[in-house]
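Chains as they are written, first to last, in this note's numbering: chain A, 122 to 496; chain B, 73 to 487. Here the structure comes first, spelled out in structure tokens, and everything after it is commentary.
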């Protein structure tokens, strides 16, 4: 059994960690946090130069053609460093949707520009309160034009390419939904930045008014593609969450070693030790579930839907747990703007919602387990 | 990343599988498969008797304690081959329960500290199940704080005379030998005055009494020692070095106990897919689904954590103390799952045994037994200390009795 990343993949992880430690220290994240920039442009350019953006994109479309395991190890480091760049929306959502459903011409048109960092992409799915569901989609497409409002859309205000889930029929079936590509520069889209839990990653409202849109995938296949894209993004996001969990745990551990109270290191009190031990347990379970997700993703295994839901739930729980208890270990200082704890707390809770909430994925997991048991 | 065996591993697995298929007591397969929790009980056979027969058969073919050297009754197999064997032995591995303490804890201690003559005399018979060993560590006054033990060993000529009491000794009533830690010097701090021995459990002055447990069962024993004589030749390690010797044993305890863990999840999932509540099938309920999903990812997380450890073994690395998460997660899960299963049954959840109609009291029994999972082999709190100190590098607890002579350490809280 070799249920681990290869030496080459681990080397890539180390390389990404080193790069991010240098180019993306907390100080750089704070420039976006404080609203001075909408994302870190220099870092984004660096991602392109390092080949991170196209690591899973085939060479014929301008990528490195390495694969999803390589993308997973990079995702872990992106999460660990809280990189304030539109990586997940561009790479896990837009590029994955294009690779799954795009025509050769669409892939030729967009994937090389994603690899090179020219194009920021995203997926416009949500329309206000609620979880992913074909019924929740009101945005309409007919005769090559789109009308409707999407919110929240991750990185929507800076995106050049938006993949939109829209209604093309009203029979009450999943096949009512189709996907469309929108080139933002062509007009018809109005973006409004929204305030959100984690200002290091933007959220926006997009209004489409007679916006020119090109079908992505066959008409009526939209929901099936969305489901697959969400599963793939769930695994990749789980790695970001695992990276963030580990970092939050390390911060708590380091503080517990440095901080003296009652004449001793606070890490010598069992109340603190046990809290950190429990964080370690969650982070370890999440990592193991994420690895299984990575295996399923990289081999396109039939187990992917169940593995993705498990990875998603476990990683969401672990990151929320580690981020909140990291603040608790820090005490009052953890509740200051100056300390970095809140940035992890914000990211953990924002990531917990981005692809649908925890309860949505819990529901998905149980449905998928039942289906397997019945089969 | 893959779940495949290397060619050598695959060949080894093939050999193991063929042997199990040809020799296992298939008439017990179903009964063993369905008893997933707690101590195995067979309807028409004595577990020790059937276990001994299986172990003997394994030993003759080189499948008992296979990671041990051949000279001591093993096969000289690698750690990964041992794991593959356990996978292939499958449900029949449950028959080895009476030997697990000996194989997992006593044997490795004898291997590390016994003389060559001891190893050749005792280990092969331990491996083949002909002789069963128990571990005599815990005492009424020393559980998590094992080093607080009070059983005395006093030197008399070439012998030692033992007086005192041990508790929570699994299998003492059918064991032939015991690994015994004693206090030889009460005038020095507690860790320094301990010495390890092994003894014949039939020695005069050894009395084994079963303990009636909180769940109504009797699985453990108290063992009393009254002027029991042990020859000095049966000492393991130096006089006063018993604590270091015990660390070998305890490290092995956590490794071996963690290997076959029940979480209660498969049973719970099954219950929820079948149980009809007032609002329909339990599994269609939102709240039930949420709880099930949380337990599902814990169970799968444990499974894949062990796969990562196996992968490390396969590469020749030694898995670290991070494996102590297994029992910590599984123990709490068992207890929570049992409690929730009864909640779903409503008022009738109070019934036990055959009077409980849904699962014949399976979860009720789980509820009553589960506290022991969180205590035996390292309490949840000790395991958290281990993770905090050995994995995360946090400071050890402040020990107020560390430098105090043992006989000056307070023995009562409130009087």
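We treat Cβ as the ideally placed atom computed from N, Cα and C, and that holds for glycine.
- Taking the CA atoms as reference points, residue 395 of chain B sits about 21 Å from residue 169 of chain B.
- When Cβ-Cβ separations below 8 Å define contact, residue 227 of chain B makes no contact with chain A.
- According to the DSSP secondary-structure assignment, residue 281 of chain B is paired through a beta bridge with B/294.
- Secondary structure at residue 137 of chain B: coil, using DSSP grouped into helix, strand and coil.
- Residue environment analysis places residue 367 of chain A among the buried positions, since at least 16 neighbouring C-beta atoms fall within 10 angstroms of its C-beta.
- Apart from sequence neighbours up to five positions away, the residues of its chain that approach residue 206 of chain A with a beta-carbon distance below 6 Å are 160, 161, 164 and 165, ordered along the chain.
- Beta-bridge pairing by DSSP links residue 328 of chain A to A/270 and A/311.
- Between residue 128 of chain B and residue 200 of chain B the beta-carbon gap is near 5 Å, inside 8 Å, which marks them as a contact.
- Neighbours of residue 388 of chain A in chain B, taken as residues at a C-beta separation under 7 Å, are given in chain order as 466 and 467.
- Excluding five sequence positions before and after residue 290 of chain B, the CB atoms of its chain that fall closer than 8 Å to its own CB belong to 282, 283 and 284, given in chain order.
- Across the set B/322, B/287, B/231 and B/156, the C-alpha of B/287 shows the shortest separation from the C-alpha of residue 425 of chain B.
- At a Cβ-Cβ threshold of 8 Å, residue 416 of chain A and residue 73 of chain B count as neighbours.
- The segment 274–290 of chain A makes contact with the segment 320–327 of chain A, as at least three CB pairs between them are under 8 Å.
- For residue 248 of chain A, the secondary structure class from DSSP, reduced to helix, strand or coil, is strand.
- Only those residues of the segment 161–195 of chain A whose C-beta falls short of 9 Å from the nearest C-beta of chain B are listed: 190.
- Taking a Cβ-Cβ cut-off of 8 Å, residue 473 of chain B has no neighbours in chain A, whose nearest Cβ is about 16 Å from it.
- Secondary structure note for residue 268 of chain B: its beta strand (DSSP E) is the uninterrupted segment 266–272.
- The C-beta separation of residue 310 of chain A from residue 327 of chain A comes to about 6 Å, placing the pair in contact by the 8 Å criterion.
- DSSP places residue 178 of chain B in the helix class (H, G or I) of the three-state scheme.
- Considering only B/246, B/229 and B/354, the residue with the shortest C-alpha distance to residue 120 of chain B is B/246.
- Taking C-alpha positions only, residue 289 of chain A is separated from residue 404 of chain A by approximately 42 Å.
- Taking residue 241 of chain B as reference, the option from B/191, B/292 and B/463 with the minimal CA-CA separation is B/292.
- The C-alpha of residue 450 of chain A is placed about 11 Å away from the C-alpha of residue 379 of chain A.
- Beta-bridge partners of residue 349 of chain B (DSSP): B/352.
- Closest option to residue 146 of chain B, judged by alpha-carbon separation, among B/278, B/192 and B/173: B/192.
- Using a Cβ distance threshold of 8 Å, residue 460 of chain B and residue 259 of chain A do not count as a contacting pair.
- In the DSSP secondary-structure assignment, residue 206 of chain B is bridged to B/250.
- Between the alpha carbons of residue 215 of chain A and residue 262 of chain A lies a gap of roughly 19 Å.
- Per DSSP, the continuous beta strand (DSSP E) segment holding residue 239 of chain B begins and ends at 231–242.
- Annotated as proximal: residue 475 of chain B and residue 261 of chain B, with beta-carbon spacing under 8 Å.
- Inclusion of residue 411 of chain B and residue 181 of chain B in the CB contact set at 8 Å is not warranted, their separation being larger than that value.
- Residues of chain A whose Cβ lies closer than 7 Å to the Cβ of residue 463 of chain B are, in chain order, 401.
- By the Cβ-count criterion, residue 428 of chain B is buried, with 16 or more other Cβ atoms from all chains shown falling within 10 Å of its own Cβ.
- With fewer than 16 other beta carbons inside 10 angstroms of its own, residue 456 of chain A counts as exposed.
- Taking a cut-off of 8 Å for Cβ pairs, the segment 348–364 of chain B and the segment 485–493 of chain A touch, as three or more such pairs fall below it.
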